[in-house]
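Each residue of the sequence shown is one higher than the one before, counting from 10 in the working numbering. Glycine included, every Cβ here is placed at the ideal spot set by N, Cα and C.
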Amino acid sequence: MNFLNAFLEAVIVSVGFYITIYFFNNRAELGIECNGFFMKSRSVNIVAVINFFAAGYISYARLAAFYMPLHILTLILIYGMSVLAVTDRIKKLVPNKFLLALLLLWAGITGLAVIFDIEGGLELLGRGIGGAAAGGIIFLLCYLISGHQLGAGDVKLAFIMGLYMTGQRIMGGITYGVLLCCVYSVVQLLRKRLGMKDGVALVPFLYLGVLITLIII
10 MNFLNAFLEA
20 VIVSVGFYIT
30 IYFFNNRAEL
40 GIECNGFFMK
50 SRSVNIVAVI
60 NFFAAGYISY
70 ARLAAFYMPL
80 HILTLILIYG
90 MSVLAVTDRI
100 KKLVPNKFLL
110 ALLLLWAGIT
120 GLAVIFDIEG
130 GLELLGRGIG
140 GAAAGGIIFL
150 LCYLISGHQL
160 GAGDVKLAFI
170 MGLYMTGQRI
180 MGGITYGVLL
190 CCVYSVVQLL
200 RKRLGMKDGV
210 ALVPFLYLGV
220 LITLIII
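What follows is the structure, given as structure tokens:
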């Protein structure tokens, strides 16, 4: 993977993120003030910058060694997680239709991999199902044990994350994400910005956990 290809992939991921958030802002009423196409949201612009540099680095330094369908799936995951990080942060929203779109994209790309490369495609399929089972079961148990304090959308997202990250990386994404969320919550409690009964949007931290995992593993 040369620098130019990595740069172009980072641009595609970042532009796709920005266009999707602009669409959600109009359709889902995220409440982001706009000046033409420019969105006046610190959260959106911070994630856009993180997306560009993280996607560029991961594409350049990591994805060159990835099986091509997994390479494409990883870029889609970065895009999808960035979108959901913003919708969850701003409106506590994890849209089911967007999760379904991510599921269909995974199924389509994995299905094509199986058709054109049976051995590699079946391996990708098996690893994806294993990752989905791990992520989905962990979050489902947390959802049940917490008395539904964890959002149902987070459970669905963990399943989708597992499909894309496969069993090799899903545990890292969840672990880093939850740890970051815990650290943030403790800091905000000490600063008295949060109460013991206040909820915290989890998806932004899962997004960061995914990026950290993809960077180091």
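It is roughly 14 Å from the alpha-carbon of Ser-50 to the alpha-carbon of Phe-32. Residue burial annotation: Cys-43 is exposed, with fewer than 16 other C-beta atoms found within 10 angstroms of its C-beta. In this structure, Leu-150 keeps its C-beta atom at 8 Å or more from the C-beta atom of Val-103. The C-beta of Ile-127 has fewer than 16 other C-beta atoms within 10 Å across all chains shown, which makes the residue exposed. With the rule of 3 Cβ pairs closer than 8 Å, the region 112-125 does not count as touching the region 52-72.
Ranking Leu-72, Ile-30, Asn-34 by CA distance to the CA of Phe-16 puts Leu-72 first.
C-alpha of Leu-153 to C-alpha of Tyr-88: approximately 29 Å in a straight line.
Going by beta carbons, Ile-183 and Gly-208 fall outside the 8 Å limit. If you look at Phe-168, you'll find it in the alpha helix (DSSP H) that goes 161-199.
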